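Heads up: the structure comes next, in structure tokens.
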Amino acid sequence: MLNKIKVNAHAKFTTELAAQVKAFADAIRPLDKFSIALRTEDFAATEKIFYAVRDVAINLHNEKHLINDPLILTRTLEKNFSYLPHLAELIREDVNFLQEAQARRPTQDFIDAKSTLDAILKEINDGVRFEENAAQMNLKFYHEQFKAEHVFTLIRVINHSACKPDELKTLNAVAAMIYLRMGTALTWTNRAEFVFELFQKALPYAEASGDNSF
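Start counting the sequence shown at 1; every next residue gets the next number (my numbering).
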């Protein structure tokens, strides 16, 4: 069993390793419970497997920066070895740690959405100049790129991202900054109505972000 654990100490073998742990636990559990009844408490074989699998889970988290696979293995240990109190306590600590790490980790939706909004903001910063003699160039960018493309992308990203509340606040902050930067770039034009509209559209995003600096 220990050799199989070493061979399967990789994320792609997590399901297979979990199945092996269950099979081992099903076989050893009656012996452990018999040992408890006799008060001999000889759990050496169980502990070897338990700590070997736990080491795999720890390595996958610390070295490979994974969460789901270590959590699968830890939940497997929880289901199969919690009848031993000294192991159950370790398992609870590991599960709590991994769940907290999972809660802190950004969702993929957020990573994708923020990348899209950051790209829009960068394109604005690269595509306009914040000076008086760039008025016509900025107006051209506003009509041909910002209104024609970026606004629709921004609305789609904000409305269809399945993000956590804190992540959504961050996306709203970037969206507000996009409208503000575009509005600022048009302040040297004679189209004050565009500037007012952009700043007005930035307001709900700024409020939703919870960022008082806006």
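By construction, the Cβ of each residue, glycine as well, lies at the ideal position given by its N, Cα and C atoms. Note that the coordinates shown come from a computational prediction; the quantities given were computed from them, not determined experimentally.
**Study point:** Residues near Leu121 in its chain [Cβ-Cβ closer than 7 Å; skip 5 each side]
**Key:** Val174, Met177, Ile178, Arg181
Practice item. Note down the Cα distance separating Tyr83 from Gln20, rounded to an integer number of angstroms. Key: If you take the alpha carbons of Tyr83 and Gln20, they lie about 18 Å apart.
Review point. Among Asp55, Gln108, Ile58, which has the Cα closest to the Cα of Ala161?
Key: Position check: residue 161 holds Ser in this sequence, whereas Ala was assumed. With distances taken between Cα atoms, Ser161 lies closest to Gln108.
Review point. According to the Cβ coordinates, are Thr189 and Ala148 closer than 9 Å?
Key: no
Review point. Taking buried to mean at least 16 other C-beta atoms within 10 Å of its own C-beta, is Gly183 buried or exposed?
Key: By the neighbour-count rule (16 or more Cβ atoms within 10 Å), Gly183 is buried.
Review point. Hey, Ala185 and Asn133 are a contact pair by Cβ (cut 8 Å); roughly how many whole angstroms apart?
Key: Ala185 to Asn133, Cβ: 13 Å. No contact.
Check your understanding: For Glu131, which residues from the same chain have a beta carbon less than 8 Å from its beta carbon, with the 5 sequence-adjacent residues on both sides left out?
Key -> Trp188
Review point. So, Leu17 versus Glu47, is the Cβ gap smaller than 9 Å?
Key: no
**Study point:** Candidates Lys64, Lys79, Leu90: closest to Arg29 by CA position
**Key:** Considering only alpha carbons, the answer is Lys79.
Point to revise | Proximity to Ser115 [Cα-Cα], best of Val157, Arg54, Phe24 | key: Val157
Point to revise | Contact test: Thr15 Cβ vs the ligand FMN heavy atom, cutoff 8 Å | key: As far as ligands go, the structure on display features none, and thus does not contain the ligand FMN.
Check your understanding: Looking at C-beta atoms only, is the number of pairs between the segment 166 to 173 and the segment 207 to 214 that lie closer than 8 Å three or more?
Key -> yes
Review point. Leaving out the 5 sequence neighbours to the left and right, which residues in its chain are closer than 6 Å to His61 when beta-carbon positions are compared?
Key: Cβ neighbours of His61 beyond the five flanking positions: Pro70.
**Study point:** Backbone CA spacing between Ile192 and Lys140 [nearest angstrom]
**Key:** Reading off the sequence, residue 192 comes out as Ala, not Ile. Those two C-alpha atoms are separated by around 15 Å.
Practice item. Grab me the residues of Ala202's own chain with a C-beta within less than 6 Å of its C-beta, minus the 5 sequence neighbours each way, in chain order. Key: Ala176, Tyr179, Leu180
Point to revise | Own chain residues within Cβ distance below 6 Å of Arg92, not counting five before or after | key: none
Point to revise | Through-space distance from Thr153 to Ile49, alpha-carbon basis | key: 51 Å
Exercise for review: State the CB to CB distance for the pair Arg54 and Leu77, rounded to an integer number of angstroms; the pair is presumed to be in contact (CB under 8 Å).
Suggested key: 7 Å
Practice item. Tell me whether Thr40 is buried or exposed, calling it buried when 16 or more other Cβ atoms sit within 10 Å of its Cβ. Key: exposed
Point to revise | Distance between Glu123 and Tyr205 (C-alpha atoms, nearest Å) | key: Straight across, the Cα-Cα distance linking Tyr205 with Glu123 is about 20 Å.
Review point. Exposed or buried, which one is Asp26 when buried takes at least 16 other CB atoms within 10 Å?
Key: exposed
Review point. Whole-angstrom Cβ separation of Arg14 and Leu73, contact assumed at under 8 Å?
Key: Just to set this straight, residue 14 is Thr in the shown sequence, not Arg. Indeed, because the Cβ distance is near 6 Å, the residues count as touching under 8 Å.
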